[in-house]
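If you're matching them up, the sequences are chains C and X in order.
The opening residue of the first sequence carries number 62 in this note's numbering; numbering runs sequentially from there.
The opening residue of the second sequence carries number 233 in this note's numbering; numbering runs sequentially from there.
Using N, Cα and C, we set each Cβ at its ideal position, and we do this for glycine too.
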Amino acid sequence: MFGLMALILAVLTIAAYVLGRRRATAAAGGDLSVLHSRPVYHGAYAALLTFLAAFAAAAVAALVMRWFMDGSLNSLISDLAPSLSSIERDLVRSDAAAISVGGFPSRVDELRRAVAERHGTLAGLSAFLIPGLSIAAGLAALWTALRRVNADFRARNLSERIVMGVLIAAAVVAILTTVGILTSLIGETARFFSQIPVHKFLFGSTWSPLSGVFEGRLDQERVGALPLFAGTLLITFIAMLVALPIGLFAAIYLAEYASPRMRSMVKPILEILAGVPTVVYGFFAAITVAPIIRGLGETLGLSVASESALGAGLVMGVMIIPFISSLSDDVITAVPQALRDGSLGLGSTHAETIRKVVLPAALPGLVSAALLGFARAIGETMIVVMAAGQGANFTFNPLEAVTTVTVQIVMLITGDTEASTAAGPAFALGFTLFVVTLGFNIVAQRLVRKYREAYD
Amino acid sequence: MTLTMENPAAQAAPRNDLKFACRGVNVHYGDAHAIKDLAIDIEDRLVTAFIGPSGCGKSTFLRCLNRMNDTISICRVTGDLKLDGEDIYAPRVDPVQLRARVGMVFQKPNPFPKSIYDNVAYGPRIHGLTSSREELDALVESSLTKAGLWGEVKDRLDKPGTGLSGGQQQRLCIARAIATKPEVLLMDEPCSALDPIATDRIEQLIGDLRSQFCIVIVTHSMQQAARVSQKTAFFHLGHLVEYGDTADIFNKPRDKRTEDYINGRFG
């Protein structure tokens, strides 16, 4: 079905382009300069119009058919078996669909066969109707477009306006998606907080939401997210402690001291580090780094948990280094050479120039690089799942196991507790994370704007 | 056409102490031979102008005088360049210290993204020229005054230097260079990014500063060279073609190429 539609759209569009172009050339009668728009624009206009019409017709037809099929099958089921609940009705329908395409239904009976038959008829109808309508609409659009071709027709302006419309539509989709995610996030979070007081969630120090579930209700005393916030902060702090200095110093070396050859070798290697999947970092942390830390701790006479915040934080820091160094390197390189020359011309050394002129000039970019690294650290999940444990200990001791906000969201959603119960705390955590990250983004943008006119 | 000389100082062309004495200077950028066997003596307390068509090596040679070319890895300077009788390319010479003695003003105004005060105080702070805040304040004020900018900025010393107009920015850069108390001021086309009024201010400023510094200015404008300088050097294809009193260069050039250039036949 999908392949067929793609083929139809492609054929129609290409045909429209070729025909539109040919017709425009013919309309010019040998002298192309009499045309307002060059033939390619007439072709493009016909192609755009045809494609959009065919695509829209197919989309509308598919939606209508789906709606019609739903209504028809549901009414058939309620006629044949009026006593079924809605869940059972859905099961019957999915079984019927399986029967009609020769799949594996959970059960075969009279009801299901009857529904399958209707399903088959309707599916056959839509398999015929959707491409048919699409082709008809496409041809109608093509005919309109071709009829309008003449020397004065402003195909160039019109096709550009259509393209602008397509671009706007793309932007709107992105915005609407964001709005949609936000709405569902806020809605679910509000529902959670209608059951649980906000202060119990934000300031409670016991996190074990699913152990207290009674008749689908959460125990207010066990949804205190403070241990998660503490764990997240602790691990993020350790990660930034590793990533910020190393990333920044590496960037300064690359941008200011490294020879072009060295730079062309080192930069790609750093970027490979950025391409390592976080899962790999995770088991590196759990299997390699954690035992080393435990061994070290034991020789020093410290008690180290087998999964520790320190191990996860260190490895996460290593993961973030390439982000910070690569961005900082770009920012430092973007500082105009004229500023360096000015400073060197006053008799300052290279290091003084970097410290007093280049880095201050690059500061806004460096701040946003750091905040980007910070946001990644807060959102990172895989490393923490594997290396920091899942115990919600309320502690700032880096040698103990801790857990983070993101890890607990994973635990809640992938666990086998019913989604309607587990989703509440997960959404509340996600919303908190979202607010924090958004706050950091806003602060970062403010900082950047404040210092933007630093150099031109 | 011959430019008439209205600069009495140029006609007097005093004989001063030598500041730079250069012999057999060659500069290579990779394989390109930018300066060819150049010899020149530059006098103290007057303005020497380097003129010539684009790519003739005048800026390159200017940047040899404070070793700014050291920052370009493919650039190689050979020959004998002496400042006050001392070889500035000798191994024991620290280019950083040299640049404190030989200040530079660039083609495009390049104030640091700092306040006006901090821009001027940059050099003195680096070199520890002052021991108290009051001394530094006084140095900043006197430098800005010498650069003819004090009256315009004295109420907004804490505002960013990048917020000034182009001409003001260039005078700020001159103040910044003066504050380091150099002996020589190198100016690489200091007015090429400025409008005529700002250019006039800078030219007056150069005239005022002449009594305290050895000034070397690279310029594309022959009129500017005639207005501000007492000595002029004409560069062509990496050679120093002619060097002498500005009045002589413009009124009775000895070399055919100099004559063609100042009469606008090429360049």
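Discussion item. Please tell me whether C/Pro486 and C/Val240 are closer than 9 Å, where the distance is taken between their beta carbons.
Written reply: no
Worksheet item: Residues of chain C with a CB under 9 Å from the CB of X/Gln358: which are they?
Response: According to the sequence as given, residue 358 of chain X is Ile; it is not Gln. Within chain C, the residues near X/Ile358 are Ser404, Leu407, Gly408, Ser409, Thr410, Glu413, Lys417.
Worksheet item: With respect to the beta strand (DSSP E) encompassing C/Leu460, which residues constitute its N-terminal and C-terminal limits?
Response: Looking at the DSSP string, C/Leu460 is not in any beta strand (DSSP E), and its letter there is neither H nor E.
Discussion item. Give me the chain C residues within the contact set of X/Met336, using Cβ-Cβ distance strictly less than 7 Å, ordered along the chain.
Written reply: Gly406
Worksheet item: Mapping DSSP to helix, strand and coil, what is C/Gln506?
Response: helix
Discussion item. With a threshold of 9 Å between beta carbons, is X/Cys296 in contact with chain C?
Written reply: no
Worksheet item: Where do the ends of the beta strand (DSSP E) carrying C/Lys328 lie?
Response: Per DSSP, C/Lys328 belongs to no beta strand (DSSP E); it is in the alpha helix (DSSP H), 321-336.
Discussion item. Is it buried or exposed, C/Gln506, if we count other Cβ atoms within 10 angstroms and call 16 or more buried?
Written reply: exposed
Item to complete: Could you name the residues of the same chain whose beta carbon sits closer than 6 Å to that of X/Met336, not counting the 5 residues immediately before and after it, in chain order?
Response: Asn298, Leu418
Fill in: X/Tyr349, DSSP secondary structure in three states
helix
Discussion item. My parser needs the alpha helix (DSSP H) runs of 4 or more residues fully inside the region 257-300 of chain X; what are they?
Written reply: 290-296
Discussion item. Taking 9 Å as the threshold (beta carbon to beta carbon), is X/Tyr261 in contact with chain C?
Written reply: no
Practice prompt. State the DSSP-derived secondary structure class of C/Asp156, mapped to helix, strand or coil.
Written response: helix
Worksheet entry | Neighbouring residues, chain C, relative to X/Phe445 (Cβ below 9 Å) | None at all; the shortest Cβ gap to chain C is about 15 Å.
Item to complete: Using a threshold of 9 Å, state whether the C-beta atoms of C/Gly452 and C/Thr464 are closer than that.
Response: yes
Discussion item. Tell me the rounded alpha-carbon separation between X/Gly399 and X/Leu426.
Written reply: 6 Å
Discussion item. Below 8 Å on C-beta distance, what does C/Leu400 contact in chain X?
Written reply: Asn342, Phe344, Pro345
Item to complete: Report all residues from its chain with a CB closer than 6 Å to the CB of X/Thr431; omit the five preceding and five following residues, and keep chain order.
Response: Cys423
Practice prompt. Kindly provide the ranges of any alpha helix (DSSP H) runs that are 4 or more residues long and lie completely inside the region 239-281 of chain C, ordered along the chain.
Written response: 259-264
Practice prompt. Only counting runs of 4 or more residues, tell me where the alpha helix (DSSP H) segments fall wholly within the region 401-462 of chain C, in order along the chain.
Written response: 411-414, 420-440, 443-448
Discussion item. Taking beta-carbon pairs under 7 Å, can you tell me which members of the region 422-435 of chain C lie near chain A?
Written reply: No chain A is part of this structure, whose protein chains are labelled C and X.
Fill in: Neighbour-count burial assignment, C/Ser369, 16 or more Cβ in a 10 Å radius
buried
Item to complete: Step through the CB atoms of chain X and report whether any lies within less than 9 Å of the CB of C/Ala107.
Response: no
Discussion item. If we define contact as Cβ-Cβ less than 9 Å, is C/Pro459 a contact residue for chain X?
Written reply: no
Worksheet item: What does X/Ala266 reach in chain C if we use C-beta pairs closer than 8 Å?
Response: Neighbours of X/Ala266 on chain C: none; closest Cβ ~18 Å, over 8 Å.
Item to complete: Could you confirm whether any beta carbon from chain C is found closer than 9 Å to the beta carbon of X/Met300?
Response: yes
Worksheet item: Do you know whose CA, among C/Ile444, C/Thr339, C/Glu479, C/Leu499, lies nearest C/Phe275's CA?
Response: C/Glu479
Practice prompt. Tell me whether X/Val325 sits in a helix, a strand or coil according to DSSP, three-state version.
Written response: coil
Worksheet item: How would you label C/Pro288, buried or exposed, when you count the other beta carbons within 10 angstroms and need 16 or more for buried?
Response: buried
Practice prompt. Work out the CA separation of X/Cys446 and X/Lys251 for me, nearest whole Å.
Written response: 7 Å
Discussion item. Measuring alpha carbon to alpha carbon, tell me which residue in X/Gly439, X/His468, X/Ile348 is nearest X/Gln401.
Written reply: X/Ile348
Discussion item. Run through chain C and tell me which residues come within less than 8 Å of X/Gly355, C-beta to C-beta.
Written reply: Leu407, Gly408, Ser409
Discussion item. I'd like the list of long-range same chain contacts for X/Val271, defined as Cβ closer than 8 Å, with 5 residues on each side in sequence excluded.
Written reply: Checking the displayed sequence, the identity of residue 271 of chain X turns out to be Ala instead of Val. Cβ within range, chain order: Cys254, Arg255, Gly256, Val257, Leu472.
Worksheet item: What does a CB cutoff of less than 6 Å around X/Gly311 pick up in its chain, not counting 5 residues either side in sequence?
Response: Gly256, Val257, Asn258
Worksheet item: Taking the Cβ atom as the reference point for each residue, do C/Val392 and C/Gly434 lie within a distance shorter than 9 Å?
Response: no
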